[in-house]
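Take the sequence shown: its position 610, counted from the start at 1, is 616 in my numbering, and no numbers get skipped.
Glycine included, C-beta positions come from ideal geometry on N, C-alpha and C.
If you're wondering where the values come from, they're calculated on a predicted model, not measured in any experiment.
First comes the structure, then the notes that go with it.
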Amino acid sequence: MSMNNSPNVFLDPNANRFQVNIINESHDNNETPQEDVVSDPPHYEETSFTDEAHNRLRISYRPGKRELYDNFLQNGEKTEASLHPYDTHPKMYYLQTFGHNTMDPVPKIDYYRNTGSVSGNKLNRPSLLEIHEQLAKNIAVSTGSVERVANGESATGDETAVGKEEENKTGFVKFGWVKGVLVRCMLNIWGVMLFIRLSWIVGQAGIGLGVIIILLATMVTSITGLSTSAIATNGFVRGGGAYYLISRSLGPEFGGSIGLIFAFANAVAVAMYVVGFAETVVELLKESDTLMVDESNDIRIIGTITVVCLLGISVAGMEWEAKAQVILLIVLLIAIVNFFIGTVIPTNNEKKARGFFNYQASIFAENFGPDFRSGEGFFSVFAIFFPAATGILAGANISGDLEDPQSAIPKGTMLAILITTIAYIGVAICAASCVVRDATGNINDTVVPGMSCNGSSACGLGYDFSRCASQPCDYGLMNNFQVMSMVSGFGPLITAGIFSATLSSALASLVSAPKVFQALCKDNVYKGLHFFAKGYGKNNEPIRGYVLTFLIAMAFILIAELNTIAPIISNFFLASYALINFSCFHASYAKSPGWRPAFRYYNMWVSLFGAFLCCGVMFVINWWAALITYAIEFFLYIYVTYKKPEVNWGSSTQALYYINALDSALALTTVEDHVKNFRPQCIALTGAPMIRPALLDITHTFTKNNGLCICCEVYTGPRKLCVKEMNSGMAKKQAWLTKNKRKAFYAAVAADSFRDGVKSLLQASGLGRMKPNTLVIGFKKDWRSATATQVENYVGVIHDAFDFELGMIIVRISQGFDISQVLQVQEELEKLEQERLALEATIKENDFEERKSGICGLFKKATMLNISKSETKKEHTINTMQSMHVGEFNQKLLEASTQFKKKQGKGTIDIWWLFDDGGLTILIPYILTIRKKWKNCKLRIFTGGKVNRIEEEKLVMASLLSKFRIKFADINIICDINIKPNKESWKFFEEMIEPYRLHESCKDITTAEKLKRETPWKITDAELEAFKEKSYRQVRLNELLQEHSRAANLIVLSLPVARKGVVSDYLYMAWLEILSKNLPPVLMVRGNHKNVLTFYS
């Protein structure tokens, strides 16, 4: 094997910057013809892993192999699934990267796309299992995906293919940052306020405070713009604007609530802007005395016609809407330039009488300070101006229609804020430098010789407007809203600017509202609104959303009372700004590794300040509107939280949950354990939680909202299969717990044996102080039919729990816990039902088709169908009968599996506290009685004592329980525990252990020793004799339990402990069997002999 060092390889103009050279190794060099070696240099196969046309491999071929490869591509023919037609390995498919036999693909963007991405196909890299195990032998290779397969990528899903096909078919219209963001934001920010209110604002506040008002409003929008830019550059941004940014950052609760009110605010804003336009038109009609009906109705008529025209432009498509926006911007810019030109055109007497004197230092000085009138103040004037600064999200709202949202939104939004702010400040300063606050408009109001001016700039310029101090005047900054028209070079252009500002803002809102609403509906946060998610045409236009927005706008136009609703709309926008700022802060504070915005010019604390600033401005503008906004948002938040939409967007809220949990867990490690804070933290060996629901239910009863509960499963068998099964089922089983409202975790291990797996769980489960302290297992009901190894593992688990100083709870119910058989029957019945429905559908379809054919054909087919129906019916009847039989057989088991879910009626929990284990035996039933399902059950205490000290023993126990603050109904002192059981009971016990006895005393020593070696698990005569008294006690206890506690709802009993290595497994299982036989549900409990109760405060 040799390397091709030809310079042509490196000078190839078509070569990509990153390529992989795959070297063909010849395994039979002796057969290579000599002339081939001499005439041709060594050949290499070059594969580019960057994007190329048609995603094809770039290959150079061995001599004579091109035709073979072409046939392979055209016909899809391959041998042993080999990609290379000249592969020398017939039984193994090798995917080669960097010249090595490996499936490892190189990094590629398509692996990181979402399914259904319209910007490209999502590809699936080989799983770790595929790379870790042997190379796949059969990998399908399609003609159009040669490169993907060569890189170990699988074919994309149907959803992705459909999305790509739709993109290619329709050809989306995408906008750049100028047309898509800058133009829209400038048009939306520049509103009517610029032309008819800014002069009044600067008259009230003066130049100094007026500029501060503009800068304060700009500070709010600039901080929000920075936060928006940071969020927008932290990953691909889809359609939905503010809703998308907030929902993906803070989750569906905040996003869903703000998305709805933001879309509604935009819809009503359409009406506001259209009415503003209509009012201007009506003023012109009024001046020319051409009103159609009256002022109010003319506003409604013109508003209706205008919104219909705007709807037509919007429905025509984003491209037409964008062209209209550009035209409106040009008109608006001309109007603004017209104003600045007018300030330098020499004034005339008429304009001087109205207060316009061109640039004068005296006017600038006079207007620099504030002159608040009519009860106005700084904040009230600010509240009037601030809506003029909104509109910064106009570009972000159509994020789905932008070519590169990550670049366009920051660039266009921030530049629009800068340009509009400069324009506002420029207009304010120029107007206040040229026009006095008050003017009469009378050209005869000139200064009389000898008159004292008292510092009045107008007086110094030859005009006497002093009477405006005592009576209202119609002109000047404070009185005339048409100052810009008067100052401008050509007045009608200002009117055109007003038209442009109102219509552009209305058009932007009319587009924004449906786009945001469509994105909200697509996410299905509100189930009832999914109807509006459908899009039409090239740009997936939300036609239904347009119609809804049109209807809302029409309703408010017809009402024509927008003075009340306007503050609420402004507050809706501000609430969106506040949440965007908070989203940026929250994402930064959560410190998620996924928070990596490309836009770096932001600060989390500045964003938080911006959020508080927005909330403060909401109350400044209108306190009751702010309260209404918060109330609506809170209601929607609660609604979405209650409904819990099934979405996972990786929000910063999720990241903060993790941070808080981690901090709390770490903080908990510094807290020392105290007996007062002891709580049962349980490992429950339920296997799959749905298999043994009763065991989970009883454990969950005393751990819910109180302690840790981990449902554990041990997989035994071939490691590869176990690990695969375990990994595939983890999420499903945890989801089952969540769905069934079980506050528990699921954990699983793969091990060589059941005992080894449990040992691993006992040692490794938990985190810091949140570690299990109690093991809960079900009683092994089938121990007599199980193998010796299984019994040894079961008893070994109990020994291991004691070795690790854990408490032990063994639960026994009469029917057992495992309902896997019932679940299997239910699954089979569901399959049968599905098959029946499918068969009926097929028969109906055949019947329908046969109606079209002739009579003979119909008769023939009908006969066949009747036969098939009767056979199907017969088979179904047999299956149903079998299923019913199985169902009746398992009915008791099914009922037993739900017995701890039901509310327990009045009864008792009998506690047989025979041995002091630290108090766990008494604590568990006490916790049960404070639960809703068990609160009607009283505690009865049973303990051992002497016959001549019954009353004293009762008093001692009552005193102890009262110090523990544990209420009880009765105390019983059992004096005859240690007497022998009756003969029938003992005979039953002996018959039970008979198959497991060694009987070595009846055999010679050699035979006995041999049997001990062959069956070490059997019960020897010596062992049985040594523990005869203890065996008597277990049998006698069952008699007492039958006598005193047969009617109890639950029995809690001290668990006997078997000495490790002394008591055999089968003898111990016999003790547990005889102790808990034929009784109500039994909990055999043994603490770790450390105090879990205290009577100290």
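From the options, residue whose alpha carbon lies closest to that of residue i
i: GLN660; options: PHE242, LEU256, VAL817 and LEU1089; result: LEU256
i: ASP541; options: GLY534, ILE549 and LEU535; result: The question names Asp, but residue 541 is Gly in the sequence shown. Of the listed residues, the one whose Cα sits closest to GLY541 is ILE549.
i: TYR1072; options: LYS1036, LEU1046, ASP1010 and PRO1001; result: PRO1001
i: ARG775; options: VAL299, HIS680 and GLY466; result: HIS680
i: PHE588; options: ARG254, ALA445 and GLU719; result: ARG254
i: GLN524; options: HIS805, ALA269, GLY212 and PRO455; result: ALA269
i: PHE751; options: ALA902, ALA389 and THR709; result: THR709
i: ALA248; options: PRO132, GLY397, GLU901 and LEU535; result: GLY397
i: TRP1023; options: GLU958, ASP982, ASN799 and ARG1052; result: ASN799
i: ILE435; options: ALA223, GLY216 and ASP788; result: GLY216
i: ALA414; options: THR239, PHE808 and LYS650; result: THR239
i: PHE591; options: ARG1019, LEU251, LEU1081 and LYS1034; result: LEU251
C-beta contact flag for residue i and residue j at 9 Å
i: PRO778; j: LEU714; result: yes
i: TYR532; j: VAL653; result: no
i: ASN194; j: ALA400; result: yes
i: HIS1050; j: ASN978; result: yes
i: LEU767; j: ILE689; result: yes
i: THR230; j: ILE627; result: no
i: LEU926; j: GLY813; result: yes
i: PHE823; j: ILE697; result: yes
i: LEU557; j: PHE283; result: no
i: ALA422; j: LEU200; result: no
i: VAL387; j: ILE219; result: yes
i: LEU316; j: LEU554; result: no
Any C-beta of chain D under 9 Å from that of residue i
i: GLY231; result: Checking the listed chains, one finds no chain D in this structure; it contains a single protein chain.
Where residue i sits in the DSSP three-state scheme
i: ARG244; result: coil
i: TRP918; result: strand
i: SER518; result: helix
i: GLU547; result: strand
i: ASP976; result: strand
i: GLY216; result: helix
i: CYS981; result: coil
i: ILE586; result: helix
i: GLY197; result: coil
i: PHE1101; result: coil
i: THR869; result: Note on THR869: pLDDT 46, under 50, position unreliable in the model; no value is reported.
i: ASN746; result: coil
i: LEU1089; result: strand
i: GLU289; result: helix
i: ALA284; result: helix
i: LEU1056; result: strand
i: ASN852; result: helix
Whole-angstrom distance between residue j and residue i, CA atom to CA atom
i: LYS1108; j: CYS943; result: Nothing about residue 1108 can be read from this structure; the chain reaches only from 7 to 1103.
i: VAL4; j: TRP196; result: The shown model of the chain, from 7 to 1103, leaves out residue 4, and the question about it has no answer.
i: ALA637; j: PRO258; result: 18 Å
i: VAL299; j: LYS292; result: 11 Å
i: ASP116; j: ARG602; result: 19 Å
i: ILE884; j: LEU835; result: Note that ILE884 scores a pLDDT of 40, beneath 50, so its modelled location is shaky; the value from the coordinates is reported in the next line. The straight-line gap from Cα to Cα measures roughly 13 Å.
i: ALA146; j: MET732; result: At ALA146, the pLDDT of 40 sits below 50, so the modelled position is not reliable; the number obtained from the coordinates is stated separately. Their backbone Cα atoms lie some 28 Å apart in a straight line.
i: SER889; j: ALA1076; result: A caution first: SER889 carries a pLDDT of 48, below 50, which makes its placement in the model unreliable, though a value can still be read off. Spanning the two alpha carbons is a distance of roughly 35 Å.
i: ASP480; j: GLY543; result: 53 Å
i: GLY466; j: ILE574; result: 45 Å
i: GLY616; j: MET420; result: 15 Å
The ligand GDP heavy atom lying under 8 Å from the CB of residue i
i: GLN821; result: As for the ligand GDP, it is missing from this structure, which has no ligand bound.
So, do the region 485–497 and the region 338–351 have three or more beta carbon pairs nearer to each other than 8 Å? Verdict: yes, contact present.
Is it true that the region 1092–1101 meets the region 916–932, where meeting means three or more beta-carbon pairs spaced less than 8 Å apart? These segments touch.
At least 3 beta-carbon pairs within less than 8 Å: the region 501–515 vs the region 260–269: No, the region 501–515 does not touch the region 260–269.
Within the chosen definition, does the region 208–215 reach the region 363–383 through at least 3 CB pairs nearer than 8 Å? Remark: three or more beta-carbon pairs, one from each stretch, lie closer than 8 Å, so the region 208–215 and the region 363–383 are flagged as touching.
Give a yes or no on contact between the region 222–240 and the region 614–623, applying the rule of three or more CB pairs nearer than 8 Å. Short answer: they touch.
Answer yes if the region 987–1003 comes into contact with the region 1040–1050, meaning at least three C-beta pairs across the two stretches below 8 Å, and no otherwise. Short answer: they touch.
Give a yes or no on contact between the region 745–762 and the region 1047–1061, applying the rule of three or more CB pairs nearer than 8 Å. No, the region 745–762 is not in contact with the region 1047–1061.
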